[in-house]
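Participant: Those protein sequences? They're chains V and G, same order as listed. Residue 1 is where the first sequence starts when you use the numbering used here, and the numbers rise one by one after that. Residue 1 is where the second sequence starts when you use the numbering used here, and the numbers rise one by one after that. All C-beta atoms in this analysis are idealised placements derived from N, C-alpha and C, irrespective of residue type, glycine included. Since the model is a prediction, treat every value here as computed from it, not as a measurement. I have a structure I would like to understand better, so I am pasting it below and will then ask my questions one at a time.
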Amino acid sequence: MTLTPGRLVLSEITKAYDGPQGSTAILRGASLTVEPGSTLAVVGPSGSGKSTLLHIIGSLDKPTSGSVVLNGVEVTALEGNRLADFRANDVGFVFQEHYLLPQLTAIENVLLPTIPAGRTAGANERARDLLEEMGVLHRSEAFPAQMSGGERQRTAVARALINGAKLLLCDEPTGNLDREAGSNMISLLTCLAEEQDVSIIVVTHNLEHATRLGTGFELLDGHLVALNACAEADGIQ
Amino acid sequence: MTLFRLVIRSLCYYWRTGAVVVFGLAVATAVIVGSLVVGDSVKGSITDTATARLGRIDNALIARRFFHAELASDLQHAASLAGKVKQVVPLTILRGAAESVTTEAVLPKVAVNGVDDSFWTLFPGCLGFHLTGRETAVNSSLARELGVGVGDSILVNVDKEGAVPSGTLFAHKSSEETLSSLRLDVVRVLDDHGVGGFRLDAGADTLRSVFVSREWLMSEIGKDGMANVLVTEPVRDTGEDTVPELQAALKPLCTIGDFGLKVVPNVPQNCVSLESIGMLLDGRQVIAGEDAARKCGARSALTSVYLATKIQNLDHPGASLAYSVVAAVQPLAPFPIRPGGSSLLDNGGIWLNTWAAEDLKARVGDRIELAYLVPRPDGAYRDAELHLTLRGIVDMVGPANDRNLVPAFEGITQAESIDDWNPPFPVDLSLVTERDETYWKLHKTTPKAFVSLNTMRGIWMSTSSGRHAGWVTSVRVAAGSGRTTTVLSKRFGHTLIQSLSAEDEGMLFRPIRRQVIASSAGTTDFGQLFMAMSFFLVVSGAGLAAMLMRLSVEQRGAESGVMLACGFRQASVSLVIFCQGTLLAILGVVAGVPLGVLYASGVIAGLRTRWIDAVGTTSVWLHISTESLVIGAFFGLLVGMISMWWSVRQLRKTNALRLLSGWRALGVLISKKADGRNKLALAACMLTAVGMMASSLSGSSPQMGFFGGGAALLAAGLVGSNMLLIRAMQIRMSLPTLGGMALRSAAANRSRSLLVIALLASAAFITIAVAANTRDYSRTDYGRRDSGTGGFALRAVSALPIHYDLGSPKGRENLGFSRDDEKAFEGVRVVSFLMSPGDDISCLNLAKPQYPRVIAVNRQMMERGGFDITTMKPSPNPWTLLQAGAGRAIPVFGDSSSVVWNLHSGLGKTYNTLGADGKPVAMRFVGLLSQSIFASELLMSEDRFRQVFSGVDDPRYFLFEVPNGREQSVALVLRRNLGRMGLEVKTTAEVLNSYIGVQNAYLSMFLAIGGLGVMLGTVGLVAVLLRSALERRREFALMLAQGFSRKSIFKMLVIENVGLLVFGVLLGTLSALVAVAPELAGADSQMNWGAVAAVFVGVLVVGFASCIGAASKVAGGPLIEVLRGE
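Structure below.
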């Protein structure tokens, strides 16, 4: 496999949890390659392991076996400071809950990841640009409690991108939004992928959103199964 | 965006939580700072008071006997002290009793200070004044207690301090002779703080003092120009030790008279006599006299005289001699023995002079009876006789014609006739013949008979104090040829001074200021004491802060999770929260330091009023040292940091996903293994409880067993509660009820619930255990000899020595008791004790004792026994241990608490102090008494006591066994007859209560401060519980949506939280009641139910109010909106 900047490669990811009835496998050898600038959606029933897969890709969780390689770096092998650096610089998260810090304004929330990354030079301008791009610059000085759900989620996206991450992982980003706000969020994500060459993986229940994102996969019995045939054409294997 | 900004923003956003955290830490800091300040204040107040009482005095010489007052000015002008000693002031300090002329109220233990004008200059700011004649200045303590003021008159009784040892034939005993009653006019009342509180010992309490002119006082007791104390003022207060220089300068300035001696030239006999002002020379003085004679190249000889009441010839009955001097003499020159007599005098022999032999028609070989009086302790005299054989008749010339063998004795030696004698012993004039009177007129005290030194020693030894006071009346030193008695007298006197040790004779300077300041450190570190007492407050404050901080951390788990997801390191996330906590801790400390000073002010106000028994004085003021503030602040910060560390430590172990998914530090899951452990622990606790209580029932002291059993029961209760909460999670409710839901909710937050139960149960347990230790001996059984009273009902301590035996009817008669008074003494048994001067070693004395007071246990007391004494080896009569051991350390007993806490010693340990002569004395504790009336002093056998404290001849400490119900009447009679001697009579119950009063005051303080802590802790716990309830607002909103009323939710919350509080209090109470059951059953127990009730009611009221208030807040908020999202 050639080393392509921004390429994400998942190989035979498995994940099992120990429970009262013994070990339960959630992921049973999920493999995936995502080229830079791609958007893809992962759908599946509740408990199928969508979020787990996303957390493993983003290094929040460790697989039982298999590997995740981003930019040629095996993410699953990272520990300690290198892991923190990876999270700070290479990947951005957007959760169903916005998890904005209530004590910070929108722009301050966006700037939060610049602290561990140490990218303070020009950070303020970058944050403003991102907020403008997300359409919430006018709310930059508002606190989360003063913002709508859509505004909070857009701010959360801006926060995820402030350090220039080339991989954005979104876990049910529209789950707490109304239909219109949800739709706008999907539009925003697809634009981002196109304009900023960011790979985006979105976990969602919403098939419509999945369809709009271009490529869709379904997690079935712990395996990723393509939803349509255009996957190959879009560079997803 | 920076971490610092994030920290500040977070602090501002979570200000409510922060405010409570600051409050908690401020309380903890305030308590630590306050406790240290209380310690500083008590110590500082004692030091202030003690140094104010001393004025500028740095050293003092407190002599055993009077010396010439001019010694002070001689010393002041000594060249070696120039530039070091500014002035030396002579004083006279006597013990006495004061009486109001108008109210006749009598005060014992009064210090009578004879002062010169220079005395006042020792006290900065004291406007000196001149006291003349009967003018007196009294301190405000005496004025207040006696109810007198300026213009009033008082009577003060002081001992005349007779020189002749009490117990000898020649000692005056009647109060008319020994007591000087001074009528004084009060011209000034002095403040107790400063000169009015003047005292030279380490006592922290205020003496009742009167000040009179020293010259006048000395004149009144027949010791003109004398003093018994010297105090010095340094030129500069540099703290330099000038005692060695003073001591060195003192000796050459002392006269022989200052050592209680005199050198009398005896021209007819061509010798000089070394005599004692107190009639008898002690062993050291005899040796010094012989040594000085040797150094002068002169021969010395011992002499002793006694008075025979009757001498008769048993071989020629009918003739007798009355009141004749008998002498034992080591001859300096050959005795003129008539032919036929023996020049050697054996122990069974006697020589008569020609006058006596003629009157008795005696011939060598006749049996001679020599009768003499032996004084008894009750004041009566016993007739004693010696049967001797006449070995020779001496001509009344040379050494046999020496009237100066008898030291001058007031009332006898200068009398013109026997009829004019005024002796302390009875004289039967009917025995005196005309021949006797003629002899007296012609030859005065010239001995009529001579016995051997051993025989004479035997006569003296038969008297009560002769055994200890010596028996030699003079050491005669022969001038020899070519030397006049005047020359010898001068040289011998000079050499004698060199041979004597000023220290041995009690002329010893002590660095009094340094000793008093050292004593001020006290035996109790009040800082530590209050820290311990305020333990609950510190724990509550810190606990409240830590719990809220931890809740805050939990609440912000997701926030931490997202920070981790954003690339923050685990340590950075913890650091952000830790920094917030640290800033809060700093704020808490900043607020806590002034609060601590406020807290200390409150405690000191309490010590001056409600808890005065703990310090025994109102002279306690706030003293703040920077050191204490810094140390307090540091520890406050440390407590805060530890609390913060505890609150974030779990966070460090938790990964981002767990945090994002709603992490809680206090989990509820329980493994099977843990369940098994619980059952095992429960069984172990129960078995321990039952075992300890059962085994203690057979022992003599079930207290420890029951306390341990109660504590084990408490532990069992807590383990049981844990199991109950686990079970509550497993029981399936067929139909949920509010109570069931409350229980399930408590079970779901098992750790928090257990924490609440454990804290309140422990608090209740400790509160009851402490309150149960309150004692009141008012109903104590005086009949029990193994109790702290030893079976005695009354204790009397006299300011002045009682010269007659208080234990015998005759002695009491001599003391002035009437026949009616005597009736009160039917069935009363009195045990008398000699008592040394010294410091009170009990908890009543805040200052550290320098010279413990010692009382002498006589044979009567040893045989009687009594008291609960712990010894190293079992003994049928532990009191005999006081006589054991011929080693260097003197065996002593002491009260267990006093020995351990005040002297910092213990059973089997050696305690070193100084004797009356300033020499080191090692004492070994061979027995410890438990909660006894002897808490203020140490007990030593009388024989050893007399070796260490020579000069203490008459008892001042008395214990009375009194038939039941007659204590008050006996006490009344004692006070009426001996009040003027400064006799202070207390029931032994009162004595015990005065000691236990200190403990009770400490317990009361602990309950008050601890109670506050428990209440604060309760508020904290409720805050934690309700904070946890706030987290469940979604749950409550759901319940509302399902048709529950707000009232139901409110009820459920109250049931859950109040239930936990009540359960905790009940568990602690029940276990504590078991633990203290033996205490409660004791006769002396006086459970402080009031304090317990106040604490419990306070806890429950605070708990209920907090629960209800907070529950209504939680249940009354806009719950439905919660469902729509915040």
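1. How about Val37 of chain G and Cys126 of chain G: are their beta carbons less than 8 Å apart?
2. For Arg775 of chain G, which of helix, strand or coil comes out of DSSP?
3. On the three-state DSSP scale, how would you describe Tyr14 of chain G?
4. For the region 575-590 of chain G against the region 680-698 of chain G, do three or more pairs of beta-carbon atoms, one drawn from each stretch, fall closer than 8 Å, so that the two count as touching?
5. With a threshold of 8 Å between beta carbons, is Gly1103 of chain G in contact with chain V?
6. With 9 Å as the C-beta to C-beta threshold (strictly closer), list the residues of the region 560-577 of chain G near chain V in chain order.
7. Tell me the rounded alpha-carbon separation between Pro36 of chain V and Ile200 of chain V.
8. To which residues of the same chain is Leu584 of chain G closer than 6 Å at the C-beta, ignoring the five residues directly before and after it?
9. Within the same chain, show all residues whose beta-carbon is closer than 6 Å to that of Ala293 of chain G, passing over the 5 residues directly before and after it, in chain order.
10. Say whether chain G places a C-beta atom closer than 8 Å to the C-beta of Ile26 of chain V.
11. Using 8 Å for Cβ pairs, my map puts Gly982 of chain G next to Ala171 of chain G. What's the rounded Cβ distance?
12. Does the region 569-578 of chain G touch the region 91-105 of chain V, meaning 3 or more C-beta pairs lie closer than 8 Å?
13. Suppose the cutoff is 7 Å on Cβ atoms and the five residues either side in sequence are ignored; what does the same chain contact list for Ile8 of chain G look like?
14. Give the DSSP bridge partners of Asp18 of chain V, in chain order.
15. Looking only at C-alpha atoms, which of G:Phe409, G:Gly709 and G:Glu233 sits nearest to Val164 of chain G?
16. Where do the N-terminal and C-terminal ends of the alpha helix (DSSP H) with Gly458 of chain G fall, by residue?
17. For the region 64-73 of chain G against the region 629-643 of chain G, do three or more pairs of beta-carbon atoms, one drawn from each stretch, fall closer than 8 Å, so that the two count as touching?
18. Mark Asp805 of chain G as exposed unless 16 or more other C-beta atoms lie within 10 angstroms of its C-beta, in which case mark it buried.
19. Can you check whether the CB of Arg367 of chain G is closer than 8 Å to the CB of Leu314 of chain G?
20. Since Val138 of chain G and Val210 of chain G should fall inside the 8 Å C-beta cutoff, what is the C-beta to C-beta distance between them, to a whole number of angstroms?
21. Tell me the DSSP bridge mates of Thr910 of chain G?
22. Do Ala28 of chain G and Gly602 of chain G have their beta-carbon atoms positioned less than 8 Å apart in this structure?
23. So, is Asp40 of chain G buried or exposed, given that buried needs 16 or more other C-beta atoms within 10 angstroms?
24. Going by DSSP in three states, Ala400 of chain G sits in which element: helix, strand or coil?
25. So that I know if they touch, is there some Cβ in chain G lying closer than 8 Å to that of Glu108 of chain V?
26. Is there a Cβ of chain G sitting closer than 8 Å to that of Gln103 of chain V, yes or no?
27. In angstroms with no decimal places, state the Cα-to-Cα distance between Gly636 of chain G and Glu627 of chain G.
28. Which one or two residues does DSSP pair with Met226 of chain G in a beta bridge?
29. Between which two residues does the alpha helix (DSSP H) carrying Gln269 of chain G extend?
30. Who are the neighbours of Thr49 of chain G on chain V, taking C-beta pairs under 8 Å?
31. Got a sec, what are the start and stop residues for the beta strand (DSSP E) Ser153 of chain G sits in?
32. Anything in chain G within Cβ reach of Pro114 of chain V, meaning under 7 Å, just list it in chain order.
33. For Pro124 of chain G, count neighbouring Cβ atoms within 10 angstroms of its own Cβ and tell me buried if that reaches 16, exposed if not.
34. Within the same chain, show all residues whose beta-carbon is closer than 6 Å to that of Trp879 of chain G, passing over the 5 residues directly before and after it, in chain order.
35. Round the Cβ separation of Thr455 of chain G and Asp395 of chain G to the nearest angstrom and send it over; I've been treating them as touching at under 8 Å.
36. Determine the closest residue to Gly482 of chain G out of G:Asn270, G:Ile1009 and G:Phe1006, with distance taken between C-alpha atoms.
Facilitator: Answer, in terms of the structure:
1. no
2. strand
3. coil
4. no
5. no
6. Gly561, Val562, Met563, Leu564, Ala565, Cys566, Gly567, Phe568, Arg569, Gln570 and Ser572
7. 9 Å
8. Gly18, Val21 and Val22
9. Ser300 and Val477
10. no
11. Contact flag wrong, Cβ pair sits at about 20 Å.
12. no
13. none
14. V:Ser23
15. G:Phe409
16. Leu453 to Met461
17. no
18. buried
19. yes
20. 5 Å
21. G:Arg924
22. no
23. buried
24. helix
25. yes
26. yes
27. 14 Å
28. G:His68
29. Unbroken run through Gln269 of chain G: none, as it is neither H nor E.
30. Under the 8 Å cutoff, chain V gives no residues; its nearest Cβ is about 55 Å from Thr49 of chain G.
31. Ser153 to Asp159
32. Checking the sequence, you will find Thr at residue 114 of chain V rather than Pro. Ordered by position in chain G, the residues that pass the 7 Å Cβ test against Thr114 of chain V are Met1.
33. exposed
34. Met862 and Gly865
35. 22 Å between Cβ atoms; not a contact.
36. G:Asn270
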